[in-house]
Amino acid sequence: MRVTDRPRERPTPKRILSAASSACLRAGLTDVTPHTRRQTCATWLMQRGVSIWDASGFLGMSRETLERVYGHHHPDFLQSAARALN
Numbered sequence: 008m009r010v011t012d013r014p015r016e017r018p019t020p021k022r023i024l025s026a027a028s029s030a031c032l033r034a035g036l037t038d039v040t041p042h043t044r045r046q047t048c049a050t051w052l053m054q055r056g057v058s059i060w061d062a063s064g065f066l067g068m069s070r071e072t073l074e075r076v077y078g079h080h081h082p083d084f085l086q087s088a089a090r091a092l093n
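According to my numbering, the sequence shown holds residues 8 to 93 in order.
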């Protein structure tokens, strides 16, 4: 995904949003918003076992919110409880 054609130019939030939206349309994805992309990213980070600390920093989201909303996707979710019953 190309955000700018100028090598030394910093991409702006508006250009990033526009490039991401264009990429989704080219891929045939409809009804994809920045919110759904953020939700997908949070889910994938949790599923891949990324720490809550790192994922929350990457997403710009509080650790508490990330853990409450997406924590159940983490592979370690409830593992200590399951081990206690073995």
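Every residue, glycine too, gets a C-beta built ideally from N, C-alpha and C.
Closest Cα partner of Y77 within the set T19, P20, Q54: Q54
Touch test, the stretch 42–53 against the stretch 13–21, Cβ-Cβ under 8 Å, three pairs minimum: no
Per-residue burial, S87 [other beta carbons within 10 Å of its own, 16 or more giving buried]: exposed
CA nearest to the CA of C48, picked from L92, H80, S29: H80
Cβ neighbours of L92 in the same chain (closer than 6 Å, five flanking residues each side left out): none
Test item: CB-CB of G56 and P14 under 8 Å: Not in contact: G56 and P14 (Cβ atoms no closer than 8 Å).
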